[in-house]
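So the protein lines, in turn, are chains A and B. Take the first sequence: its letters are residues -5 to 352, numbered as in my numbering. Take the second sequence: its letters are residues 297 to 589, numbered as in my numbering. Glycine included, C-beta positions come from ideal geometry on N, C-alpha and C.
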Amino acid sequence: MADVSLKQVRKSYGNVEVIKGVDIEIEDGEFVVFVGPSGCGKSTLLRMIAGLEDITSGTLEIGGRVVNDVQPKDRGIAMVFQTYAIFPHMSVRENVAFGLTIAGASKEEKDRKALEAARILQMEHLLDRRPSQLSGGQRQRVAIGRAIVRDPEVFLFDEPLSNLDAALRMDMRMEIGKLHKHLSATMVYVTHDQVEAMTLADKIVVLRDGIVQQIGAPMDLYHNPANLFVAGFIGSPAMNFMDVEVLDQSADGVTVKAPALDPVKLPGVGEAFTANSKAKLGIRPQYLSVAPDTHAGALHGKVALVERLGTETVVNVELTRGGRIVAALAEDRPLELGTDIALGFDPGQAHLFNETNT
Amino acid sequence: MAIVTQDNHGLRLAVRYLVLILVALVFMFPLVFMLVSSLKPTAQLLSDTSSLRAFLPVGDISLENYAAAFRRAPIGLFVFNSIFITLVTVCASLFLCSLAAFSFTYLNWKGNGIVLSVILATLIIPFETIAIPLLLWVSRLPWVGMEGIEFGWLNTYHVQIVPWIADALTVFLFVQFFKDLPRELIEAARAEGASWWQIYRRVVMPLSGPVLATAAILKSLKMYNEQYLWPLIVVQDEAHRPIMVGLGYFFQLNVAWGEVMAYLSVITIPVLAFYLVLQRAFIASIASTGVKG
Ligand SMILES: Nc1ncnc2c1ncn2[C@@H]1O[C@H](COP(=O)(O)OP(=O)(O)OP(=O)(O)O)[C@@H](O)[C@H]1O
Ligand SMILES: [Mg+2]
């Protein structure tokens, strides 16, 4: 059993604190993804779990054992790096079997396990090649193969796919998903890529400046972001935010208004807001749609930018009464720049944040 | 037009080759002079130096100088001694200095930066300043030999080897090289369960071919060509004498220049052979360090 538990984990380089008291519980067999902006400490946290960085304070447990002072080799982990980090002087077979060689395994065992890993990753035909004769995707397969053969309890991935092109990234993403099902091992995965995070994760950890912002299932974060940061970070294109004034608060909802927005009642906004205070309204671009001109509560403006992606059309709208808003309209729509447009939204899908939630 | 251009091109090429040949000749003159002179009797050798004949094998040519040189000094022994001392020192030095550099680069111990800078600072101390203190030391150090523990290292091979094993320049070369190896390779090996020793042996050393060649070449040249002062003061017996000290045999009352040239030609052969075998690594290593041999 290998659950991973971080309790008030901190990390300082000199007197700069980069991880500021992180608590995360990762259950056995779970696929957990760390996301956050560049420099927020994702890699540092992962490397602390691996044992490549020491922990300044707090405790880290793997499989119920405190491993703060345990060497990486004794933690039962395997790590896959963004730069693959496969050994250039060894064949693929030797690379994959490296951990077994280190552990003093017999030749038969090494060959058997290397072949087995190669089969899982469909790279049997590559076993006798040198790393320099492999493509990026194949190299990453080798790195994953090297991680598999040792049967680690916890797999750690640090942006394993970010050096690959889009098509390959999708393939490998699916492979990793399959691998997780097949091995049912605990996996911790760092990425910049929303799609990777949303599709692979059982649980996403959103980090910012070394602080956990929210932990939850992908759809949890998407539908119920705990704060402005998570709301803005998860989802693409990013959520629209609008400064609003709270007019009224009652049991069945909160009424808000803004210069660009006529008063509208938002049902089911959980937090307590007081009348006459300021707040931020959040609307996902996907929940905006083209409305008839007369629609009450519509946002009026002119089309400022159009990105036609085929499956959807992302429209940047300059609002007549000030501000900008981005809408992701279903399907392809040939919109002329400068045309008038009215966008409506379902108040039930909108989010409201206290402005202190930055 | 085309023909003119081609002529022009050919001419330019010819000029370029001419210049290259001239430069090569300038560098080869001493070598040619040495070889040619080693074939001449001393009297002719001295009179030839005033003309271009100095570089030409003319006049009374024979191998007599070689025979005389071998009669005068145990040249084979000296060459063997130098090669032996060089080989052992270079191997030990590569091993020890790469281990030290490994520790400085990858193991985060307190103060490693300071210790490294102190070691590098020793590069500016000329050997002559520490020769005498070192002599006092080695004349008292114990050594476990055939007959149990002995004190004093004078007149041995190891007195000519051990002080040269730890070498700041070699450590520096390795540190520079190790710093440029991708850090993830080391980390991947650690995550795969390798101990530091296994990382050194199975990951870092196999990737260190270029720096091993560079360090080996620089160190070999130094050990073979430049060992004079130290052996002169710590080795009195003939059995352990290296080539450069052996040169002294030919500088007695009357300097037999012909024999000197013959001796020098003989001791140059191993270096030339070494150079020819490792020519490419040689050029790469000199170019990579900017250090001239
Ligand atoms: N060895 C180090 N010394 C000092 N500061 C460091 C060191 N390593 C990382 N940091 C700092 O710690 C912070 C977190 O770095 P980390 O690499 O974990 O970020 P990240 O979230 O992985 O970013 P990215 O998405 O760009 O990979 C950064 O501000 C970085 O500058
Ligand atoms: Mg990172």
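Beta bridge counterpart(s) of residue i as assigned by DSSP
i: Ala112 (chain A); result: According to DSSP, which records beta bridges pairwise, Ala112 (chain A) is partnered with nothing at all.
i: Met73 (chain A); result: A:Leu150
i: Trp439 (chain B); result: B:Glu446
i: Met117 (chain A); result: Per DSSP, none; premise fails for Met117 (chain A).
i: His345 (chain A); result: A:Gly276
i: Ser244 (chain A); result: A:Gly247
i: Val359 (chain A); result: Here chain A has residues from -5 to 352 only, and residue 359 (chain A) is not among them.
i: Ile205 (chain A); result: A:Arg202
i: Asp237 (chain A); result: A:Lys274
i: Glu11 (chain A); result: A:Ser6
i: Phe28 (chain A); result: A:Val184, A:Val199
i: Asp334 (chain A); result: A:Lys296
i: Asn310 (chain A); result: A:Leu299, A:Val320
i: Gly210 (chain A); result: A:Ile198
i: Val258 (chain A); result: A:Val250
Alpha-carbon to alpha-carbon, residue j and residue i
i: Arg278 (chain A); j: Met166 (chain A); result: 29 angstroms
i: Val238 (chain A); j: Leu275 (chain A); result: 6 angstroms
i: Gly306 (chain B); j: Met330 (chain B); result: 35 angstroms
i: Val311 (chain B); j: Met324 (chain B); result: 20 angstroms
i: Tyr183 (chain A); j: Asp340 (chain A); result: 35 angstroms
i: Leu321 (chain B); j: Lys101 (chain A); result: 57 angstroms
i: Leu329 (chain A); j: Leu155 (chain A); result: 35 angstroms
i: His186 (chain A); j: Gln207 (chain A); result: 16 angstroms
i: Gly58 (chain A); j: Arg41 (chain A); result: 19 angstroms
i: Leu572 (chain B); j: Leu318 (chain B); result: 21 angstroms
i: Asn521 (chain B); j: Leu477 (chain B); result: 32 angstroms
i: Thr275 (chain B); j: Leu503 (chain B); result: No statement about residue 275 (chain B) is possible, as the shown extent of chain B runs from 297 to 589 and does not include it.
i: Ala396 (chain B); j: Lys475 (chain B); result: 13 angstroms
i: His174 (chain A); j: Gly489 (chain B); result: 22 angstroms
i: Phe546 (chain B); j: Gly355 (chain B); result: 23 angstroms
i: Arg318 (chain A); j: Val12 (chain A); result: 34 angstroms
i: Phe391 (chain B); j: Glu483 (chain B); result: 22 angstroms
i: Gly45 (chain A); j: Ser394 (chain B); result: 25 angstroms
i: Ile461 (chain B); j: Thr385 (chain B); result: 6 angstroms
i: His83 (chain A); j: Arg479 (chain B); result: 16 angstroms
i: Ile457 (chain B); j: Ile529 (chain B); result: 14 angstroms
i: His217 (chain A); j: Leu194 (chain A); result: 17 angstroms
i: Val263 (chain A); j: Gln280 (chain A); result: 19 angstroms
i: Ala365 (chain B); j: Glu555 (chain B); result: 5 angstroms
i: Val3 (chain A); j: Ala298 (chain A); result: 46 angstroms
i: Thr345 (chain B); j: Asn408 (chain B); result: 56 angstroms
i: Ser6 (chain A); j: Leu0 (chain A); result: 16 angstroms
i: Ser358 (chain B); j: Val531 (chain B); result: 34 angstroms
i: Ala160 (chain A); j: Glu190 (chain A); result: 12 angstroms
i: Ala(-4) (chain A); j: Lys172 (chain A); result: 19 angstroms
Residues of its chain near residue i, where Cβ-Cβ distance is below 8 angstroms and the 5 sequence neighbours each way are ignored
i: Gln188 (chain A); result: Val29, Ile228, Gly229, Ser230
i: Ser178 (chain A); result: Gly23
i: Ala72 (chain A); result: Gly93, Arg140, Ala141, Ile142, Arg144, Pro146, Val148, Phe149, Leu150
i: Leu109 (chain A); result: Glu118, Leu121
i: Ile579 (chain B); result: none
i: Ala285 (chain A); result: Ala292, Ala336, Leu337, Gly338
i: Glu534 (chain B); result: Pro370, Leu373
i: Leu471 (chain B); result: Correcting the residue type first, residue 471 (chain B) is Val in the shown sequence and not Leu. Correct list, in chain order: Ala397, Phe400, Thr401, Leu412.
i: Tyr453 (chain B); result: Asn377, Phe380, Ile381, Val384, His536
i: Val499 (chain B); result: Leu481, Ile482, Ala485, Ala490
Residues near residue i by beta carbon distance below 6 angstroms, same chain, minus five either side
i: Val86 (chain A); result: Leu120, Leu121, Arg123, Val136
i: Val61 (chain A); result: Leu54, Arg69
i: Tyr496 (chain B); result: Phe398
i: Val300 (chain A); result: Val309, Leu329
i: Ile163 (chain A); result: According to the sequence provided, residue 163 (chain A) is Arg. The question's Ile does not apply to it. Excluding positions up to five away in sequence, the list reads Leu155.
Own chain partners of residue i with C-beta closer than 7 angstroms, once the 5 adjacent residues on each side are dropped
i: Ser37 (chain A); result: Asp152, Val184
i: Lys197 (chain A); result: Glu24, Val26, Ile209, Gly210, Ala211
Subject >> Residues, ordered as in the chain, of the segment 83 to 101 of chain A that lie near chain B by beta-carbon distance below 7 angstroms >> reply: His83, Phe92, Gly93, Ile96, Ala97
Original post:
For the segment 51 to 70 of chain A, which residues have a CB atom closer than 7 angstroms to at least one CB atom of chain B, in sequence order?
Top reply: Pro66, Lys67
Original post:
When Cβ atoms are compared, which residues of the segment 499 to 520 of chain B fall closer than 7 angstroms to chain A?
Top reply: Val499, Pro502, Leu503
**OP:** Output, in sequence order along the chain, the residues in the segment 463 to 486 of chain B whose CB is closer than 8 angstroms to any CB in chain A.
**Re:** Listed by position along the chain: Pro478, Glu480, Leu481, Glu483, Ala484, Ala485, Arg486.
Subject >> Neighbouring residues (CB closer than 7 angstroms to any heavy atom of ligand 2) >> reply: A:Lys36, A:Ser37, A:Asp152, A:Glu153, A:Val184
Original post:
For the segment 106 to 140 of chain A, which residues have a beta carbon sitting closer than 9 angstroms to at least one beta carbon of chain B?
Top reply: Contact residues of the segment 106 to 140 of chain A toward chain B are Ala137, Arg140 (C-beta to C-beta distance below 9 angstroms).
Subject >> Interface positions of the segment 487 to 498 of chain B facing chain A (Cβ-Cβ less than 8 angstroms), listed along the chain >> reply: Ala487, Glu488, Gly489, Ala490, Ser491, Gln494, Arg498
Original post:
If contact means a Cβ-Cβ distance below 8 angstroms, which residues of the segment 269 to 300 of chain A contact chain B?
Top reply: Within the segment 269 to 300 of chain A, no residue has a Cβ lying closer than 8 angstroms to any Cβ of chain B.
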